[in-house]
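Asker: Numbering follows the UniProt record's numbering, with no gaps: position 384 of the sequence shown is 384.
I am attaching a structure below and will ask some questions about it afterwards.
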Amino acid sequence: MGACCSKEALYGGGYIEDDRTNNRHFNESEGNDEEDNVRHGDDGARIRLQGCSRFTSMYTQQGRKGINQDAMTIWEDFTEKGMYFCGVFDGHGPEGHKVARCVRDNLPSKLSQVIKIYRLNTGIFSDIDVGSELYENVGHRHKKKASQDMPLSSWEASYVKSFKEMDEELSLDNTIDSFCSGSTAVTVVKQGDHLVIANLGDSRAVLGTRSGEKNQICSVQLTVDLKPDTPGEAERIKNCKGRILSVDEEPEVYRLWMPDEDCPGLAMSRAFGDFCVKDCGLISIPEVFYRRISSSDEFVILATDGVWDALTNTDVVKIVASAKRRSIAAELVVKRAVRAWKRKFPESKIDDCAVICLYLKDQPSLTQTASNLSRGGKPNDTELSLSYYSTRSNIVSDVGCPASEISSKITEDSKEEWNALDGVERVNTMLKLPRFSNGLNRRKSQKDDEDGENQELVQ
């Protein structure tokens, strides 16, 4: 399948003081100081599950809720030389760690295979319906190809197909109980000066770019947090008889519940797995975004909600920009997030954190950031500004509304920093399990019984 599972020890790590971390020395001229962490995947792709390279930094740390359910991967030379695939996955539920790692190890290969099929068959995806109005709102300038040989529509179709195949494979895997467990996903593919981002759930991608007369670093959110109460998402869930409610302990956190049971209480509206609510509005269709890299763009940050719950987009971008070495940028973000959890939410259990930093330039040009901040320079914060998107997908699911309707929530909140835990004592992705613990096996057996009954009727 391309990638190999890593040992559990790769995901740990105790607390390290920021100054010590920042002063650590790496031989970045070679860019590959951790060759032991490299595996080889499809077509010679170089796969990393931890560590750093010339253009990447990644780090994850277990929280205080049990086993680390976050997973991440970087594929260098993904399908072709110089192309990157980065993905961060946040598992939830009793076997969320298994779901997240299964997606980590298999999704890149599936996407790679779909891209190859496209290139061999000149981009025909007859089995994928991404909506007839996919490009009604896309300007003429952005109808150009999103990469050297694939139009944006084909990238979107490729993502939809590979995510669908991944979810179907999970549903048939008897070694993972994905009925009550699942995972989010946020991924980015970089090819030349093109970025294609796909998001499923509430992990997030943020761009660090420079803006204004002083050329100061600022943040641009590249994805939308797909929550049950997000416009469009909420309508789809209600149309599928799912319920959207908050609990007294967390009045600001709206969750997805089954129609007749107070479970599972998912805090996101899209995810892999979680088949107990796949008929209640939860879907595995990703939102896909495209951005052409400009000369001002510095890096992309992918992170799970354990980071974004404690730090704002601007916080994270400043931390990465101030890192003395690219190698430790992701680790710095995680350590600062853990520190913020302890300070802001002392009664809460710290969540797992995973971060990938993908640098967009060969040589860093971030040295001026520290001096700008020391002078009290205030970045021209462009967080959550959809005007920075070259385009966003308008994929229509078979049970819901165009994902583009979600933009209204971002517009409403664009003047505020997003911090999911403000005023909340604790946030758990899933609150309660259904009464039937072996739900996936039961679902499969019921399907087999129904198929058998249908065959008998035909006979």
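Every residue, glycine too, gets a C-beta built ideally from N, C-alpha and C.
(1) Give a yes or no on whether the C-beta atoms belonging to T184 and M268 are separated by under 8 Å.
(2) Look at the Cβ atom of L226, then the Cβ atom of F299, and state whether they are nearer than 8 Å.
(3) Using a threshold of 8 Å, state whether the C-beta atoms of E76 and R46 are closer than that.
(4) By alpha-carbon positions, which one of C240, S57, K116 ends up nearest to W155?
(5) Taking DSSP's pairing of strands, which residues face D248 in a bridge?
(6) Out of D362, R343, V333, which has the shortest C-alpha to C-alpha gap to T60?
(7) Just grab the DSSP bridge partners of Q62 for me.
(8) Do the region 318-334 and the region 278-292 meet, that is, are 3 or more Cβ pairs less than 8 Å apart?
(9) Is I74 closer than 8 Å to T56 when the C-beta atoms are compared?
(10) Assuming D315 is part of the alpha helix (DSSP H), what are its boundary residues?
(11) Run the CB neighbour count on T223, radius 10 Å, all protein chains shown included, and call it buried at 16 or more, exposed below.
(12) Between V247 and Y254, what straight-line distance do the alpha-carbon atoms span, to the nearest angstrom?
(13) Terminal residues of the continuous alpha helix (DSSP H) containing N106?
(14) Thinking C-beta only, is V317 closer than 8 Å to I217?
(15) For N239, is the classification buried or exposed, using 16 other Cβ atoms within 10 angstroms of its Cβ as the cut-off for buried?
(16) Relative to the C-alpha of N106, which residue among A198, F163, P228 is closest?
(17) Please state the DSSP three-state secondary structure of S348.
(18) Give the single residue among D279, P264, I176 whose Cα lies nearest to the Cα of R236.
(19) For N239, name the three-state secondary structure that DSSP assigns.
(20) Distance check for H40 and G93, CA to CA, integer angstroms please.
(21) In angstroms, rounded to a whole number, what distance separates the CA positions of N37 and R48?
(22) Along the alpha helix (DSSP H) that carries L200, what are the first and last residues, could you check?
(23) Start and end of the alpha helix (DSSP H) containing A157?
(24) Assign E252 to buried or exposed, taking buried as 16 or more other Cβ atoms, counted over all protein chains shown, within 10 Å of its Cβ.
Answerer: By the coordinates alone:
(1) Within the sequence shown, numbered from 1, the residue matching residue 184 stands at position 184. Within the sequence shown, numbered from 1, the residue matching residue 268 stands at position 268. Cβ atoms of T184 and M268: closer than 8 Å.
(2) Reading the sequence shown from its first residue, position 226 is the one you call residue 226. Reading the sequence shown from its first residue, position 299 is the one you call residue 299. Taking 8 Å as the cut-off, the Cβ atoms of L226 and F299 do not count as close.
(3) As a first step, residue 76 is located in the sequence shown; it is residue number 76 there, counting from the start. As a first step, residue 46 is located in the sequence shown; it is residue number 46 there, counting from the start. It is a contact, given that the beta carbons lie within the stated cut-off.
(4) Taking the sequence shown and counting its residues from 1, the one referred to as residue 155 is at position 155. Out of C240, S57, K116, K116 has the C-alpha closest to the C-alpha of W155.
(5) Here the question's residue 248 lines up with position 248 in the sequence shown. Beta-bridge pairing links D248 to no other residue.
(6) Sequence index remark: in the sequence shown, residue 60 carries index 60 (1-based). Taking only the C-alpha atoms, the option nearest T60 is V333.
(7) As a working note, residue 62 is residue 62 in the sequence shown. None, per the DSSP bridge assignment.
(8) no
(9) Translated into the one-based positions of the sequence shown, residue 56 becomes position 56. Translated into the one-based positions of the sequence shown, residue 74 becomes position 74. Closer than 8 Å, so yes.
(10) Residue 315 sits at position 315 when you count from the first residue of the sequence shown. Per DSSP, D315 belongs to the alpha helix (DSSP H) from 313-322.
(11) On the sequence shown, position 223 is the one that residue 223 refers to. So T223 ends up on the buried side.
(12) Along the sequence shown, one-based indexing puts residue 247 at 247. Along the sequence shown, one-based indexing puts residue 254 at 254. So the two alpha carbons sit approximately 8 Å from each other.
(13) Translated into the one-based positions of the sequence shown, residue 106 becomes position 106. Where N106 is concerned, the enclosing alpha helix (DSSP H) stretches over 96-120.
(14) Translated into positions along the sequence shown, residue 217 becomes position 217. Translated into positions along the sequence shown, residue 317 becomes position 317. Yes, Cβ-Cβ distance for I217 and V317 is below 8 Å.
(15) One-based indexing of the sequence shown puts residue 239 at position 239. Exposed, because fewer than 16 other Cβ atoms sit within 10 Å of the Cβ of N239.
(16) On the sequence shown, residue 106 is found 106 positions in, with the first residue counted as 1. Checking every option, the nearest Cα to that of N106 belongs to F163.
(17) Taking the first residue of the sequence shown as position 1, residue 348 is located at position 348. Three-state DSSP puts S348 in coil, outside helix and strand.
(18) Within the sequence shown, residue 236 is the residue found at index 236, counting from 1. Per the Cα distances, D279.
(19) By one-based count along the sequence shown, residue 239 stands at place 239. In this structure, N239 counts as helix in the three-state DSSP scheme.
(20) Working through the sequence shown from its first residue, we reach residue 93 at position 93. Working through the sequence shown from its first residue, we reach residue 40 at position 40. Cα-Cα distance, rounded: 30 Å.
(21) What you label residue 37 is simply residue 37 of the sequence shown in a count that begins at 1. What you label residue 48 is simply residue 48 of the sequence shown in a count that begins at 1. If I take the Cα positions, the gap works out to 6 Å.
(22) For the purposes of this step, residue 200 is identified with residue 200 of the sequence shown, where counting begins at 1. Careful: L200 lies outside any alpha helix (DSSP H), inside the beta strand (DSSP E) at 194-200.
(23) One-based indexing of the sequence shown puts residue 157 at position 157. 152-172 is the span of the alpha helix (DSSP H), which, as asked, contains A157.
(24) Counted from its first residue, the sequence shown places residue 252 at position 252. Label assigned to E252: exposed.
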